[in-house]
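Visitor:
There are 2 protein chains.
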Amino acid sequence: MTEQHPTQGRPLAGVSGAEGLSAATPELRDIPQATVTRLAAYLRVLGLLVDQGTHIVSSEELAAASGVGSAKLRKDLSFLGPNGVRGVGYDVSRLRGRIEQTLGLDRGHKVVLVGAGNLGQALAGYGGFGRRGFEMVGLFDIDPAVTGTQVGDLAVRHIDELDQACRELEATIGVIATPDDAAQDVCDRLVGAGLDCILSFSATSLDVPEHVESRRVDLAVEMQVLSFNSARNTGQVPVSPPALDHTEPRTQVRIGHAAHVPSAAKRNGSVIAP
Amino acid sequence: MTEQHPTQGRPLAGVSGAEGLSAATPELRDIPQATVTRLAAYLRVLGLLVDQGTHIVSSEELAAASGVGSAKLRKDLSFLGPNGVRGVGYDVSRLRGRIEQTLGLDRGHKVVLVGAGNLGQALAGYGGFGRRGFEMVGLFDIDPAVTGTQVGDLAVRHIDELDQACRELEATIGVIATPDDAAQDVCDRLVGAGLDCILSFSATSLDVPEHVESRRVDLAVEMQVLSFNSARNTGQVPVSPPALDHTEPRTQVRIGHAAHVPSAAKRNGSVIAP
DNA sequence: GTCTGTGAAGGGCTTCACAGCT
DNA sequence: AGCTGTGAAGCCCTTCACAGAC
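Protein chains in written order, with our numbering: chain A, 8 to 281; chain B, 8 to 281.
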């Protein structure tokens, strides 16, 4: 085997090891990979609902706001055990707590980022992390022209400090935002520093030891897939420039008036699970 | 229906429309969604191989360098028709051309980006696009503090110019790098401007008309999934801080000496298709 | 012998439809 | 009546194993 996730995901057989696992969580294994991805998406919507003061939400509403079908959503949630009340719906904040716990977000994750170039700096300054339970605690680069500079409220440190810093900071996630040809080396260093979650924005596929989880986001791949799907949709030969009048029905399923969605509109799930 | 891709992908039934399609391409439909994603990944590796002067590559080698299994790779390529020579392997540049054509990358895609904040500027400056067949032709923002400024060799224009500019520039792909609450509005404008491929980095799920393809990359989701998978791997209660000595076998499957991969190592496929 | 292409088997995920609770 | 939870069916995809071409 050389695969990461057998792409079809898998309810994880049971890593042997700890068999009598911790208390609160009834079933953490046996959650399909695809479901996990969507749980993260639901979580975000639930956060909005909480902010908005909504207490109860139906599967139909939550599903619409998340861009999935309601049956799929109910199935997904059912993997966490009973979460709603029949005839009523789901308790928003309770459900949110349940998902957070399941995803392991209750222990606050600390993130280090390697590669303080354009993308790295953008990611460092990206507020979405903190807002969703991740704290950026370290920035590293190998270029002396960048090390020492301040990005947000963090100073860029030299990558040689990575190992020690990761342990001191108790980092749990490493993000790679370096050029492609440095990615594997940086990855090795992150693994060496004891991290077991790695998110890479380089295009190269990384190889990591068995116990390390890695994911990759390749922007060019995203666009290429987009390109293909579009070509396929439009019947392959998009000659005629789009007409000026684009008046097609388009569903408004914003939170609040999410409802039975009419007909001809699509919503995008996260790329990871359309 | 409110779904985008029924998540399981689908070999596309046939959009009716053009039935006697263009010449060269024998079968463009009927390619599984999952395969499309990986084709984009293979393409990148093939590019490296070309640069490197390699002429022939075996499924085993290409697969290893792409982070997938060789059987899967052969199956994927088989959807494009015969591409290799039995007992020999694949002609690198021929295969590359075939995939490019299939993905519709031969017509050069032109990309406009909305949202010239941190992320937007980083994306605009990201060389990976051009290197892989996409040309960034326009940058837009709504903030007067940013419009007019130069990012790379493009000036940031006001979003009100979007519609006209898209048509003049013949853009085909729109990228959204705005704050979440502006995303749907920007998306609407892009669609209004005639684009039918949209890539969004906002967390909100966008709704688009039937004929538009949209994808979304949500960084927080990526990390949350990472978090979960890691928790699952490590037996869920990662109490003991990682030991100092991390000496595990790790496969080196870089291009060139890609080979029969030993044992205990994983490689990450693109997030989109692990 | 080597390596591709592919039918068939197996598994995961989605969808449907309804049982069951309030 | 309304909405959740879930077996079962079906689909898509992966994996296996080998036939077939060089």
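Ideal placement from N, C-alpha and C gives every residue a C-beta, glycine not left out.
Return the chain-ordered ranges of every beta strand (DSSP E) run that is complete within the stretch 127-152 of chain B and spans a minimum of 3 residues.
Guide: Listed in chain order, the complete beta strand (DSSP E) runs (minimum 3 residues) inside the stretch 127-152 of chain B are 141-148.
Visitor: Pair every Cβ in the stretch 174-181 of chain A with every Cβ in the stretch 149-164 of chain A, then say whether three or more of these pairs are closer than 8 Å.
Guide: No contact exists between the stretch 174-181 of chain A and the stretch 149-164 of chain A.
Visitor: When DSSP labels each residue in this structure, what does G200(A) get in the three-state scheme?
Guide: Position 193 of the first sequence, counted from the first residue, corresponds to residue 200(A). According to the sequence provided, residue 200(A) is Ala. The question's Gly does not apply to it. Three-state result, A200(A): coil.
Visitor: Quick test of your reading: C204(B) and L233(A), contact by CB under 8 Å. State the CB separation rounded to the nearest angstrom.
Guide: Here residue 204(B) refers to the residue found at position 197 when the second sequence is read from its first residue. Here residue 233(A) refers to the residue found at position 226 when the first sequence is read from its first residue. Rounded, the Cβ-Cβ distance is 4 Å, consistent with contact.
Visitor: So with CB distances below 8 Å, who are the chain A contacts of H62(B)?
Guide: The residue labelled residue 62(B) in the question sits at position 55 within the second sequence. Going along chain A, no residue has its Cβ under 8 Å from H62(B), so there is no contact; the nearest lies around 22 Å.
Visitor: Against chain A, with Cβ distances strictly below 8 Å, would G263(B) count as a contact?
Guide: In the second sequence, counting from the first residue as 1, residue 263(B) sits at position 256. Bear in mind that the predicted position of G263(B) carries a pLDDT of just 40, short of 50, making it unreliable; the figure below should be weighed with that in mind. No, because no Cβ of chain A sits closer than 8 Å to the Cβ of G263(B).
Visitor: Spell out the partners DSSP gives V119(B) in its beta bridges.
Guide: As a position in the second sequence, residue 119(B) is number 112, starting the count at 1. Partner(s): G145(B), G181(B).
Visitor: Cβ closer than 8 Å: which chain B residues qualify as neighbours of H116(A)?
Guide: If you number the first sequence from 1, residue 116(A) lands on position 109. Correct list: M230, S234.
Visitor: Exposed or buried, T254(B), counting other C-beta atoms within 10 Å across all chains shown (16 or more means buried)?
Guide: In the second sequence, counting from the first residue as 1, residue 254(B) sits at position 247. Here the model assigns T254(B) a pLDDT of 40, short of 50, so the residue's position is not dependable, and the following value carries that caveat. Label assigned to T254(B): exposed.
Visitor: Can you give me the start and stop residues for the beta strand (DSSP E) that E220(B) sits inside?
Guide: If you number the second sequence from 1, residue 220(B) lands on position 213. 220-223 is the extent of the beta strand (DSSP E) around E220(B).
Visitor: For A250(A), I'd like the list of residues in its chain whose CB is within less than 8 Å of its CB, leaving aside the five on either flank, ordered along the chain.
Guide: Within the first sequence, residue 250(A) is the residue found at index 243, counting from 1. Low confidence applies here, because A250(A) scores a pLDDT of 34, under 50, leaving its location unreliable and the question unanswered by this model.
Visitor: Flag this pair as touching only if the stretch 114-125 of chain A and the stretch 82-98 of chain A have three or more C-beta atom pairs under 8 Å; answer yes or no.
Guide: Segments in contact, no.
Visitor: Which one of R222(B), F208(B), A71(B) has the shortest CA to CA distance from Y49(B)?
Guide: Against the second sequence, residue 49(B) aligns to sequence position 42. Checked all of R222(B), F208(B), A71(B); the closest Cα to Y49(B) is A71(B).
Visitor: Taking buried to mean at least 16 other C-beta atoms within 10 Å of its own C-beta, is G111(A) buried or exposed?
Guide: As a working mapping, residue 111(A) is identified with position 104 in the first sequence. Classification for G111(A): buried.
Visitor: What's the gap between the Cα of R196(B) and the Cα of F208(B)?
Guide: Taking the first residue of the second sequence as position 1, residue 196(B) is located at position 189. Taking the first residue of the second sequence as position 1, residue 208(B) is located at position 201. Going by the C-alpha atoms only, they are around 16 Å apart.
Visitor: To the nearest angstrom, how far is it from the Cα of V228(B) to the Cα of H62(B)?
Guide: Here the question's residue 228(B) lines up with position 221 in the second sequence. Here the question's residue 62(B) lines up with position 55 in the second sequence. Approximately 39 Å, taken between the alpha carbons.
Visitor: L213(B) and C194(B): beta carbons closer than 8 Å?
Guide: As a first step, residue 213(B) is located in the second sequence; it is residue number 206 there, counting from the start. As a first step, residue 194(B) is located in the second sequence; it is residue number 187 there, counting from the start. In contact: L213(B) and C194(B) (Cβ atoms closer than 8 Å).
Visitor: Thinking just about the alpha-carbon of each residue, which of G201(B), I166(B), L102(B) is nearest to the one in H218(B)?
Guide: On the second sequence, position 211 is the one that residue 218(B) refers to. Nearest C-alpha to H218(B): G201(B).
Visitor: Going by DSSP, which residues form a beta bridge with H62(A)?
Guide: Locating residue 62(A) in the first sequence gives position 55, counting from the first residue. Answer is none; H62(A) lacks a bridge partner.
Visitor: Using alpha carbons as the reference points, say which of G74(A), N275(A), V144(A), L69(A) lies closest to L102(A).
Guide: Looking up residue 102(A) in the first sequence gives position 95. L102(A) has its Cα closest to that of L69(A), out of G74(A), N275(A), V144(A), L69(A).
Visitor: Can you grab the Cα-Cα spacing for the pair R274(A) / G60(B), in whole Å?
Guide: If you number the first sequence from 1, residue 274(A) lands on position 267. If you number the second sequence from 1, residue 60(B) lands on position 53. Those two C-alpha atoms are separated by around 43 Å.
Visitor: Within this structure, are the beta carbons of E220(B) and N236(A) separated by less than 8 Å?
Guide: On the second sequence, position 213 is the one that residue 220(B) refers to. On the first sequence, position 229 is the one that residue 236(A) refers to. Taking 8 Å as the Cβ cut-off, E220(B) and N236(A) qualify as a contacting pair.
Visitor: Can you list, in chain order, the residues of its chain with a C-beta nearer than 6 Å to that of G96(A)? Leave out the 5 residues immediately preceding and following it.
Guide: Here residue 96(A) is taken as the residue at index 89 of the first sequence, counted from 1. Contacts found: I63, V64, S65.
Visitor: Under a three-way DSSP split, which group does G104(A) fall into?
Guide: As a working note, residue 104(A) is residue 97 in the first sequence. Helix at G104(A).
Visitor: What does V43(A) touch in chain B if you count any residue whose Cβ is under 7 Å from its own?
Guide: Position 36 of the first sequence, counted from the start, is the residue given in the question as residue 43(A). The contacting residues are V232, F235.
Visitor: S77(B) by DSSP, collapsed to three states: which one?
Guide: Position 70 of the second sequence holds residue 77(B). Helix, per DSSP.
Visitor: If distances are taken between C-alpha atoms only, which option among R138(B), R114(B), G134(B) comes closest to D58(B)?
Guide: The residue given as residue 58(B) occupies position 51 in the second sequence. With distances taken between Cα atoms, D58(B) lies closest to R138(B).
Visitor: In the DSSP assignment, find the unbroken alpha helix (DSSP H) run with R36(B) in it and report its ends.
Guide: As a first step, residue 36(B) must be located in the second sequence, where it is residue number 29. No alpha helix (DSSP H) contains R36(B), which DSSP labels as neither H nor E.
Visitor: Do V144(B) and T154(B) have their CB atoms nearer than 8 Å?
Guide: Position 137 of the second sequence, counting from 1, holds the residue named residue 144(B). Position 147 of the second sequence, counting from 1, holds the residue named residue 154(B). No, the pair does not count as a contact, with Cβ atoms beyond the cut-off.
Visitor: To the nearest angstrom, report how far apart N116(A) and I183(A) are at their CA atoms.
Guide: Residue mapping note: residue 116(A) aligns to position 109 of the first sequence, counting from 1. Residue mapping note: residue 183(A) aligns to position 176 of the first sequence, counting from 1. Note on identity: in this sequence residue 116(A) is His, with Asn being the wrong assignment. Spanning the two alpha carbons is a distance of roughly 16 Å.
Visitor: Put R93(B) into one of helix, strand or coil per three-state DSSP.
Guide: Stepping through the second sequence from its first residue, residue 93(B) is reached at position 86. In the structure shown, R93(B) sits in coil (DSSP, three-state: anything other than H, G, I, E or B).
Visitor: Any beta carbon from chain B within less than 8 Å of Y97(A)'s own beta carbon?
Guide: Taking the first sequence and counting its residues from 1, the one referred to as residue 97(A) is at position 90. Not an interface residue.
Visitor: Less than 8 Å between CB atoms is the rule here; does V215(A) satisfy it with respect to chain B?
Guide: Stepping through the first sequence from its first residue, residue 215(A) is reached at position 208. For V215(A), the answer is yes, since a Cβ of chain B falls inside 8 Å of its Cβ.
Visitor: Using a cut-off of 7 Å between C-beta atoms, extract the partners of R139(B) located in chain A.
Guide: Here residue 139(B) refers to the residue found at position 132 when the second sequence is read from its first residue. The contacting residues are A227.
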